[in-house]
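First the structure, in the form of structure tokens, and then the observations on it.
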Amino acid sequence: MSGSKRYGSSSSYSSHSPPVPERWLKCPRKSYTTITDKFVAFKTPLDNKYDDQIPIQNRFNTEMLLSSMSNMKKFNCLKTVDSVSIGLWIDLTKTSRFYDKSEIEDSGCTYVKIPCAGHEQPPTREQAQLFVDICSKFIAKNPLLSIGVHCTHGFNRTGFMIATYLIETLDFDVTSALAQFSAARPPGIYKQDYIVELFQRYSDEEPILAPELPDWCLESEEDNYNSNKHESSSRNKREFRDQDSKDRREHEPPSKRSRNEINNRNPVFMEGVSGVTAIFDQPRLSNIQRRTQDLCKWKRSGFPGSQPVSMDIHNMKLLHTKPYRVTWKADGTRYLMFIQGENEIYFIDRDNSVFEVEGLKFLHRKNLDHHLKDTLLDGEMIIDKVDGQNIPRYLVYDVVAFEGFDVGKQPFYPNRCMLIEVDIIKPRHQAIMCGRLDKTQEPFSIRLKQFYDINASDKLLGNFSKNLSHEPDGLIFQPSTDPYVAGTCPEVLKWKPLELNSVDFKLKIVTEGGTGILESKVGYLYVGGKSDPFARIKYNKELKNMDGKIIECKFENGNWKFMRERTDKSFPNALKTAIAICHSIETPVTKEILLKYIQQAPRR
């Protein structure tokens, strides 16, 4: 559809209006949160001379950015503190046409311009050092104020400069600095040249791969301009072409897709399970990671499995909007299982580490002489305690692909649930009955994890949980008719009783004290996307050997309490996740509230 039809008549286009930067319209306005509680990253604002080309809902000017800071909070544990106030504004673009800098200065901000070329040219060493010096001096004099940084789109030049500051002044390594920026402004720096340059300047290691180009970079925005292409419009675009050509080329899609896999060098499988070995050999490791990501339709790096969100008083309302199934939440360890073929069965954990499984078979329902291939299951490993013995079991609760077919797009119930039972579990039972499979030689057993009508929630929390041979720690609510969703799925809800709500932190043990003060140890708790501690934990003997590790903690009597080490994870919860869990702790959905709400749900 033409721009004139969508946004107004062709006469509304001013022949003197400069063109909107390419791919600016759908580019996210600003970072989700501050980077190290100090930097705000954002795309360039555009003043009102661009308004005739931008629909109202997509406009973004300097006033909007500054006023939005009152809603960008800095979070600390369960309390919301200090809203963001920008005191220094750094412009990295090479043009002055986007807005009038006096708008910034009139608001009380200090405006600084460091014109950087962009495109394939990262900021020079001199420009980066100037940025670090300016920021360091400002922070020393204004510790409570934040620094706003932008280039055209607020990703590559902006991320490069902020990462340089983190490396130079806060002793971040390059990978951690990139991760810090991408956590607040996903997907982070996506130009490979910029990442390579950072590694060349600050690291002896091989550069990591850039993340895949975000969707908004791939979408054409020709509709933002007058599709009638009046001569005045064309002439006007040519007028600005030389000045902005580098900015417009900066976000061209790469020739091929790339994913940034940061592999755990020492992956650990769930304790108490035999027959499982971590694999490191390439290209096998990368091929398995890529294939499982492709089967899940996951376009990024990392673990592709579907992730539930914590239930709170707001998203609980989803239970009234569509049919749901419910199951118990086992206190186990999450793994995808990729059945590549006979003697080629692999587990993928939350770190995206890959483990090879020996002695396990999955036979075809129609022909027990044939082994399943190219099949991806989702489930969790648990340890059942039966007659004093520990029995490991893998509970299968979803299927993403079967024999290479995309079954994840089918409804969860009954389609995918039935497929697990009929094509995964029953053929194994048949093979056992006819002597083709000896389950006593397998490292663990395979079972279907049943889902029930949500009205069975009270029973799952009652006698059912008491009769389980492993520890439950809540409920999982799965939409009945929805497809499988890779990554965080806001419609899949996990409910935990208040006393079991937990956050996965990275622990750092430090010694506090000084002149006249007795020294003592304390635990600092860190989350992803925040460089300073999210919270503290009292040091005790349980934490003695946990320094630098990922630990699961619950909030009890106003303090965080250690629950267990998360050997299956190398990274803590992201800031956004930790905040959401803290909110659910502040305003919990109790068992009574949940069951009453389910009783009120419309019958389907």
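Position in the sequence shown (from 1) plus 5 gives the number in my numbering. Glycine included, C-beta positions come from ideal geometry on N, C-alpha and C. Values in this document were obtained by computation on a predicted structure and should not be read as measured data.
- Taking 9 Å as the cut-off, the Cβ atoms of Lys-596 and Leu-512 do not count as close.
- The beta carbon of Arg-421 sits closer than 8 Å to the beta carbons of Asp-403, Val-404, Val-412, Gly-413, Gln-415, Tyr-489 from its chain, once the five residues preceding and following it are set aside; these are given in chain order.
- For Phe-143, the enclosing alpha helix (DSSP H) stretches over residues 130-146.
- When DSSP states are grouped into helix, strand and coil, Cys-32 belongs to the coil group.
- Three or more Cβ pairs drawn from the segment 111-128 and the segment 157-169 lie within less than 8 Å of each other, which places the two stretches in contact.
- In this structure, Val-314 sits away from Cys-558, with a CB-CB distance that is not shorter than 9 Å.
- Proximity of the segment 291-299 to the segment 388-396 falls short of the contact definition, fewer than three beta-carbon pairs being nearer than 8 Å.
- Counting C-beta pairs closer than 8 Å gives three or more between the segment 114-124 and the segment 90-103, which meets the contact rule.
- If you ignore the 5 residues before and after Phe-177, its C-beta comes within less than 6 Å of the C-beta of Leu-171, all in its own chain and listed in chain order.
- The Cβ atoms of Pro-50 and Asn-63 do not sit closer than 9 Å to each other.
- Uninterrupted alpha helix (DSSP H) stretches at least 4 residues long and entirely within the segment 493-542 do not occur.
- Taking 9 Å as the cut-off, the Cβ atoms of Asp-354 and Thr-338 count as close.
- Judged by DSSP in its simplified three-state form, Trp-94 adopts strand.
- Proximity of the segment 274-285 to the segment 552-569 falls short of the contact definition, fewer than three beta-carbon pairs being nearer than 8 Å.
- The alpha-carbon of Arg-433 is positioned some 11 Å away from that of Leu-377.
- Close CB contacts of Gly-280 within its chain, under the 7 Å cut and outside five residues either way in sequence, are with Val-362, Glu-363, Gly-364, Pro-448 (chain order).
- For Asn-550 and Thr-157, the gap between their C-alpha atoms comes out near 46 Å.
- By alpha-carbon distance to Gly-277, the top candidate from Pro-502, Asn-395, Ile-481, Asp-509 is Asn-395.
- By the neighbour-count criterion, in which 16 or more other beta carbons inside 10 Å mark a residue as buried, Pro-577 falls on the buried side.
- Residue environment for Lys-464: exposed (fewer than 16 other C-beta atoms within 10 angstroms of its C-beta).
- Per the coordinates, the alpha-carbon of Leu-323 lies some 14 Å from the alpha-carbon of Val-594.
- Under the DSSP assignment, Ile-459 falls outside any beta strand (DSSP E); it carries neither an H nor an E label.
- About 7 Å separates the CB atoms of Tyr-457 and Thr-332; that is less than 8 Å, so the two are in contact.
- The residue among Leu-473, Ile-514, Met-77, Gly-533 with its C-alpha nearest the C-alpha of Lys-546 is Ile-514.
- Distance from the CA of Trp-303 to the CA of Gly-346, rounded to the nearest whole angstrom, comes to 22 Å.
- If you look at Leu-381, you'll find it in the beta strand (DSSP E) that goes 380-391.
- Note on geometry: alpha-carbon atoms of Glu-217 and Phe-160 lie some 13 Å from one another.
- When secondary structure is reduced to three states using DSSP, Asn-395 falls in the strand class.
- DSSP places Trp-333 within a strand segment (E or B) once states are collapsed to three.
- Ile-200 is positioned such that its CB atom lies no closer than 9 Å to that of Ala-184.
- Assigned with DSSP and collapsed to three states, Phe-567 falls in strand.
- Going by beta carbons, Ser-112 and Val-89 fall outside the 9 Å limit.
- Distances from the CA of Trp-500 to each of Phe-343, Ile-139, Ser-462 were compared; the closest alpha carbon is that of Ser-462.
- For the pair Asp-487 and Phe-308, the Cα-to-Cα distance works out to about 21 Å.
- Here the C-alpha atom of Ile-152 lies approximately 11 Å from the C-alpha atom of Phe-136.
- Short of 6 Å from the beta carbon of Asn-269, and not among the five residues preceding or following it, lie these beta carbons of its own chain, in chain order: Asp-356, Ser-358, Ser-575.
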